[in-house]
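Q:
There are 2 protein chains.
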Amino acid sequence: MRKPKIVVLGAGYGGLMTVTRLQKQVGVNEADIVLINKNDYHYETTWLHEASAGTLHHDRVRYNVTDVIDTNKVEFIKGTVLSINSEEKKVVLEKGEVEYDYLVVSLGAEPETFGIKGLKEHAFAIANINAARQLREHIEYQFATYNMEEEKKDERLTIVVGGAGFTGIEFLGELTNRVPELCREYDIDFGKVKLICVEAAPMVLPGFDPELVSYATAQLERKGVTFMIGTAIKEATENGIVVGKGEDEVEEIKAATVVWAAGVRGSSIIENSGFEAMRGRVKVQPDLRVPGHDNVFIIGDCSLIIDEKVNRPYPPTAQIAMQQGELCASNLVALIRDKGELGHFTFDNKGTVCSLGHDDAIGVAFGKKMTGGTASFMKKMVDNRALYMIGGPSLVLKKGKFNVL
Amino acid sequence: MRKPKIVVLGAGYGGLMTVTRLQKQVGVNEADIVLINKNDYHYETTWLHEASAGTLHHDRVRYNVTDVIDTNKVEFIKGTVLSINSEEKKVVLEKGEVEYDYLVVSLGAEPETFGIKGLKEHAFAIANINAARQLREHIEYQFATYNMEEEKKDERLTIVVGGAGFTGIEFLGELTNRVPELCREYDIDFGKVKLICVEAAPMVLPGFDPELVSYATAQLERKGVTFMIGTAIKEATENGIVVGKGEDEVEEIKAATVVWAAGVRGSSIIENSGFEAMRGRVKVQPDLRVPGHDNVFIIGDCSLIIDEKVNRPYPPTAQIAMQQGELCASNLVALIRDKGELGHFTFDNKGTVCSLGHDDAIGVAFGKKMTGGTASFMKKMVDNRALYMIGGPSLVLKKGKFNVL
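Here the protein sequences line up with chains A and B, keeping their order.
In terms of full-length UniProt numbering, the first sequence is residues 1 to 405.
In terms of full-length UniProt numbering, the second sequence is residues 1 to 405.
#1: A11 (chain A) CB to nearest chain D CB: under 7 Å?
#2: Report buried or exposed for L135 (chain B), applying the criterion of at least 16 other Cβ atoms within 10 angstroms of its Cβ.
#3: Check whether the segment 347-364 of chain B and the segment 198-211 of chain B touch, using three or more Cβ-Cβ pairs below 8 Å as the test.
#4: Under 9 Å, CB to CB, which of the residues in the segment 80-111 of chain B have a partner in chain A?
#5: So, is the C-beta of E140 (chain B) closer than 7 Å to a C-beta in chain A?
#6: Output, in sequence order along the chain, the residues in the segment 143-163 of chain A whose CB is closer than 7 Å to any CB in chain B.
#7: Kindly indicate the opening and closing residues of the alpha helix (DSSP H) around R184 (chain A).
#8: Less than 7 Å between the C-beta atoms of P393 (chain B) and H344 (chain B), yes or no?
#9: Examine the Cβ distances between the segment 249-267 of chain B and the segment 93-111 of chain B and report whether three or more of them are shorter than 8 Å.
#10: May I ask you to list the residues that DSSP assigns as paired with L304 (chain B)?
#11: Do C328 (chain B) and L387 (chain B) have their CB atoms nearer than 7 Å?
#12: Answer yes or no: does any C-beta atom of chain B fall closer than 7 Å to that of E137 (chain A)?
#13: Quick one: which chain A residues come within Cβ less than 7 Å of N130 (chain B)?
#14: Between A:E341, A:L342, A:G373 and A:I320, which lies nearest to D348 (chain A) when the distance is taken from Cα to Cα?
#15: Which partner residues does T233 (chain B) have in the DSSP bridge list?
#16: Should the segment 115-135 of chain A be called in touch with the segment 220-230 of chain A, which here means at least 3 C-beta pairs below 8 Å?
#17: Using the beta-carbon of each residue, which ones in chain A are nearer than 7 Å to Y186 (chain B)?
#18: How far does the alpha helix (DSSP H) with residue 408 (chain A) in it extend, from its first residue to its last?
#19: Can you list, in chain order, the residues of its chain with a C-beta nearer than 8 Å to that of N72 (chain B)? Leave out the 5 residues immediately preceding and following it.
#20: Mind checking L342 (chain B): buried by the 16 CB within 10 Å criterion, or exposed?
#21: Smallest Cα separation from A375 (chain B): which of B:E308, B:N295 and B:A216?
#22: What distance in whole Å lies between the Cβ atoms of E199 (chain A) and A256 (chain A), which are believed to be in contact at a cut-off of 8 Å?
#23: Got a sec? Which residues, its chain only, sit under 6 Å from T158 (chain B) by beta carbon, not counting five neighbours each side?
#24: Within 8 Å, do at least three Cβ pairs link the segment 322-338 of chain B to the segment 166-175 of chain B?
#25: Please name the residue, chosen from A:I69, A:K368 and A:V353, that lies closest to M381 (chain A) on a Cα-to-Cα basis.
#26: Measuring straight from C-alpha to C-alpha, what distance separates K339 (chain B) and Q25 (chain B)?
#27: Got a sec? Which residues, its chain only, sit under 7 Å from Y186 (chain B) by beta carbon, not counting five neighbours each side?
#28: Just reading off the alpha helix (DSSP H) that G367 (chain B) is part of, what are its end residues?
#29: Going by C-alpha distance, which of A:Y63, A:L22, A:L220 and A:K192 is nearest N177 (chain A)?
#30: Return the CA-CA distance between K234 (chain B) and G244 (chain B), expressed in angstroms with no decimal places.
#31: Whole angstroms is fine: what's the gap from K120 (chain A)'s alpha carbon to V396 (chain A)'s?
#32: Looking only at C-alpha atoms, which of B:L82, B:K379 and B:H42 sits nearest to S268 (chain B)?
#33: Nearest CA to the CA of D383 (chain B): which residue from B:Y41, B:V61, B:S52 and B:P4?
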């Protein structure tokens, strides 16, 4: 009897969780397991704001996929997925094709610019390792150039962050640590620097406890961040952004650096493969399979699951992706052994912590609200936990965060 | 009787040497001494190729002027000189004017582009701290951007150095150390990087011993540098350079980074002040004064002295500037005390060492030719000697180079 072949696409939180669980639970004679990823490394998406600001080196934010998979049990293919042909049960890569019996799609997210003019061309996104280090170097180049010009262009020292959600706020927190360093490095007066957060929604960190949010905004404002809340970016240009002001008026904000952190969508490979999706996210069954595709699981940022309590989709987070990965693995085991019902996904919320720089944060965990050093400590533990879940104690020792105050 | 006022313009090698000697030799009642400099720091012009490549931090390449001057004896003014009015014996600054009885002009050099089209707009120069760190960041940004683009632009990884003189060769030497680091940092194949040295003259390092020159070119070629000797840059563009090829043909070389290291001239303030000069250099009398101006000394890169042995001007070097500064100080002392003849300048050649990176060099010192580790050691001693001459042992300890193999 031919062994079934399980193919996992993407080595993010969901994909690696699935593969590391599968390699423990599945015998070599039971199934072939293949993991396909664009890079030979995994990166911590939730740490990219640090690499982008330049407060944590990007090599601290990634590790080799082969460090955490058992290469005796899992075949790793470094390749870029173009599309999935679910009729013929195969994955089309930039180079070649791979057939599957069971497929796990965990291809992560992409920036969503909602059609706002100029964002794709002129704004940076905190999207991956390549993007993060380019953004870091772009900002540094602006500071390095400032004193070279006869006529000083103060907009070189203006950084606009579009979006006051999780990524935007965490990135601003890192910038408040990084910018004073850059000022010293390039002989620049900190008073010349502008950090501006532009958010179309009427609030910062929607869904977060209001008391914690007002702590966060006060702390960031104290460190030099200006908030423009309820303000929509109409356009990004070569020179900065144009925002709406009142009914019909617009205002130009000159800025050499515009970072778009106000939205993500699921991978566009989802639509390219013909799956029915909303912004790249497929509403999956409770067992995480795609309706009508009994052999295809979608997990992580490309999946969409409704939080019944608020009747809204769960936001795409690492925590959910990892929990989905665990269930996905056990459901795959049930399928290949052809026994039992598949398990249903329920989200076990361990809490959420939003960093505000290296020594400050806000969060809720164990049903308790936290701020400052306590929350910052908790954030580092959350980060270390993700490493532990995927790579065990050795990965925590290698890549963990221990610079606790 | 009014004390005479000595004003020194520029805190480079010549200016600081003059001031530090004056403050030892002149009593507070004998003269007022004023030092004017654009920045509140001195930088080691001869180390800028390291800061530009990113192999030595620019803060290692500079120190505060007030660290080496005796502020009880010397008044330091941070100011930018616009011109000298020798009729009215005053210096015009961006903000205000300063009168003098005796003037020492040691304003250093500027890049000379010989009217080559586009160089000013599109090429970098290794000219000062601001320029060096901008160049460093520009190169890094190109490497950071390479992997972000769908269609890879290999010219991002091409660095053209115009000029195979001292600065060009030393900068290339640093690049051969730095580029492998950048490749690791940004996941780039070293094979994609091009380091090209374009030199219009038919030789590398003119004036240097041919045996040493062939050692240098062989070493740099081994580490990835391509030499295009006898090749003139016709134009620098947004995309790179255009070089002459044969009689009428031209060839385009695409490069995101073009560094012009093929010529310097004396400060343009010299001409703006009406002194007769060739490319900003004034042919001074043997006592270092300007013909017809008994109270104005010009030293360093703005001065021109003929080397009688070869009937050509001495090249502008730190070594000469410092020796001129010593003589300038003692001649000033003779003038204010109104006794004796002024001394005449003779250059005491201590030798020359050209670095080829952190552990390699070529040079001649004590009448001996040296290469490799020996020459590299000697280069560091030369660098430390300049610190010692100006700031004594404490400055050597603070800023010296001790990373000797």
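For each residue, glycine too, the CB sits at the ideal point set by N, CA and C.
A: Looking at the coordinates:
#1: In the displayed structure, chain D is absent; the protein chains listed are A and B.
#2: buried
#3: yes
#4: none
#5: yes
#6: A144, T145, N147 and M148
#7: F166 to E185
#8: no
#9: yes
#10: B:K283
#11: no
#12: yes
#13: N147 and M148
#14: A:I320
#15: For the record, residue 233 (chain B) in the displayed sequence is Ile; it is not Thr. Note: I233 (chain B) sits in a beta bridge opposite B:V243.
#16: no
#17: R133
#18: With chain A represented from 1 up to 405, any question about residue 408 (chain A) goes unanswered, as that position is not in the structure.
#19: V28
#20: buried
#21: B:A216
#22: A256 (chain A) to E199 (chain A), Cβ: 20 Å. No contact.
#23: K194 and A255
#24: no
#25: A:V353
#26: 15 Å
#27: F143, A144, Y146 and N147
#28: Neither: G367 (chain B) is in no alpha helix (DSSP H) and is coded neither H nor E.
#29: A:L220
#30: 6 Å
#31: 36 Å
#32: B:L82
#33: B:V61
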